[in-house]
Structures are given as structure tokens and as C-alpha cells.
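Note that the UniProt record's numbering numbers the sequence shown so that position 175 is 175, with each residue one more than the last.
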Amino acid sequence: MPIPPINGYPLCPSNPLALLENRNTAEHWRIDPTRAALLVHDMQQYFIDAYCREQEPIATVIPAIQKLIAAADAAEVPVFYSVQPPEQKSPRRGLLREFWGEGMQTEQEAAIIPELSPVAHHHIVTKWRYSAFARTDLRHALAFEGRDQLIITGVYGHMGCQVSAVDAFMNDIQPFLVGDAIADFSEEDHARTLNWVASRCGKVIASQEALDHLGAKARAGAAS
1 MPIPPINGYP
11 LCPSNPLALL
21 ENRNTAEHWR
31 IDPTRAALLV
41 HDMQQYFIDA
51 YCREQEPIAT
61 VIPAIQKLIA
71 AADAAEVPVF
81 YSVQPPEQKS
91 PRRGLLREFW
101 GEGMQTEQEA
111 AIIPELSPVA
121 HHHIVTKWRY
131 SAFARTDLRH
141 ALAFEGRDQL
151 IITGVYGHMG
161 CQVSAVDAFM
171 NDIQPFLVGD
181 AIADFSEEDH
191 ARTLNWVASR
201 CGKVIASQEA
211 LDHLGAKARA
221 GAAS
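Here is the structure:
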């Protein structure tokens, strides 16, 4: 089946982690700009067209990711975009076809949304399954960059974002899931994702916390 239209649901700007009920098991983790990378997960036209751009959550998520990309660039933190290719043949698409049909078919559908367009020094990871790690070189690319923390943003929370967080954890990479920089099918799915990741494999943070940690390196560089 194709991606269904997604009804809006609220993200509270004054309390971006309002849906987080569980305490972060890894509360002591802190983003270190010398160790971290940023993942912009599947922010492609095909997936974002399911939302109304003027409504929450996507109206908050896109600007939050924009700020995180800018902060990562300023702190010299590598930025990775995961993207699915169009026109996937049956052997490549595998079981995804049984759940989601043929998927995106055109280059326009596969394009990253204009607000988040990558630039030359950003990394593009072509992905084939829910996880940005499955059948990709993301793990090796992070190791090459000397990175063992991954800040995760994008869509959809309870599928690719959550599974990528689990895969990061399984590869001894600390996942930081940004609660107001991911979007999901529903408020319930969003809440379940935050609470499961917080208690089982990562740390859930607000975008402002990530910005504060990323900005610390830029401020230190300006002061030196």
C-alpha cells in the first residue's frame, strides 16, 4: 500500500519533549561535536507529501532540521542524508513491496525537499530498508570520520528513525533522537518511538539541546 495521508498532530514548542514519559536510560550522554554526526533521515518529497506542510508536526520539524544542519556545518560535524532511490526493482525492494507497494517512482518524488537541500560537502547514503545502516556504507563512513555518536532527525519516527537508532546502538554508536525534529504517522506512534528509544537504545533530546552542544564548538573556536 502507498503512504497514506497523515493527519496533523501537535508538537508543543514550549515543551518539545512533552510526549516523552520514560526517563532516558542514557541521561548522562552528551553530544560531543568532535564525535557526532547528523543524520537527516528520508526527508524526500515522496514521504513529506503525506503531510500538510502548514500543520504540525512537519511545520516544526523542517525548521528544526534546518537549524541543526546549519549548526552542524558551523561546528564541522558531518551531515549524512539517507535517501531511497526511485524505481526499485523487485529483488532490491524485497519485502518492502508487500507492505508499501512499489514506492517512489520518479526523481522528483525521490528528491530531498528544497528546504533541506544538501550541499557539496554533505554525504548522501542510498538506503534500501527501514534502517539507514542496512545494506549501506553508513557504519564505515562514520568510522572513517571518527564518529561514534549519531544525531537522528527526519521521518518516519516509528520506522526508519527508530530502527536506525537501534542499529546505531548495535554498532556501539550512541544515538541521539531529536524529539521535535522527527515526524511520524500519529501522536501515538511518535510517543511510542520516543519512549522506546529513551528506555532501550538511545537518548531522546530536544533540538535546542542539540543546538547548544553543537554551538559550543563554534563558540570555542571564535573565542580562541
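Where a beta carbon is used, it is the ideal one built from N, C-alpha and C, also for glycine.
Since we're looking at a predicted model, the values are computed, not measured.
Does residue i come out as helix, strand or coil in the three-state DSSP assignment?
i	result
Ser90	helix
Gly157	helix
Leu194	helix
Gly215	helix
Phe176	strand
Ala18	coil
Leu39	strand
Ile31	coil
Ala26	coil
Ile6	coil
Express the C-alpha separation of residue j and residue i in angstroms, rounding to a whole number.
i	j	result
Asp212	Ser82	24 Å
Ser131	Leu138	10 Å
Pro91	Thr106	19 Å
Pro57	Thr25	26 Å
Pro16	Ala141	31 Å
Val214	Ile31	The question names Val, yet the displayed sequence has Leu at residue 214. Computed Cα separation, rounded: 7 Å.
Thr136	Thr126	7 Å
Phe176	Gly160	14 Å
Gln55	Glu187	13 Å
Ala210	Gln84	26 Å
Asn171	Val77	20 Å
Phe144	Val155	26 Å
Who are the Cβ neighbours of residue i in its own chain at under 6 Å, not counting the five residues just before and after it?
i	result
Cys201	Ala165, Val166, Phe169
Please list, in chain order, all residues of the same chain as residue i whose beta carbon is under 8 Å from its beta carbon, the five residues on each side excluded.
i	result
Arg192	His158
Ala206	Pro16, Leu17, Val178, Gly179, Asp180
Gln208	Pro16
So, for residue i: in the same chain, excluding its five sequence neighbours on each side, which residues have a beta-carbon less than 7 Å away from its beta-carbon?
i	result
Glu115	Ile62, Gln66
Gln162	Thr193, Trp196, Val197
Asn22	Asn195, Ala198, Ser199
Notebook entry, point to check: Using 8 Å as the Cβ pair cut-off and three pairs as the minimum, do the segment 58 to 77 and the segment 172 to 184 touch?
Noted result: yes
Notebook entry, point to check: Which runs of the alpha helix (DSSP H), 4 residues or longer, sit entirely within the segment 106 to 148?
Noted result: 107 to 110, 138 to 144
Notebook entry, point to check: Do the segment 27 to 43 and the segment 1 to 19 meet, that is, are 3 or more Cβ pairs less than 8 Å apart?
Noted result: no
Margin query: If we require 4 or more residues per run, which alpha helix (DSSP H) segments fall completely within the segment 51 to 93?
Written below: 58 to 74, 90 to 93
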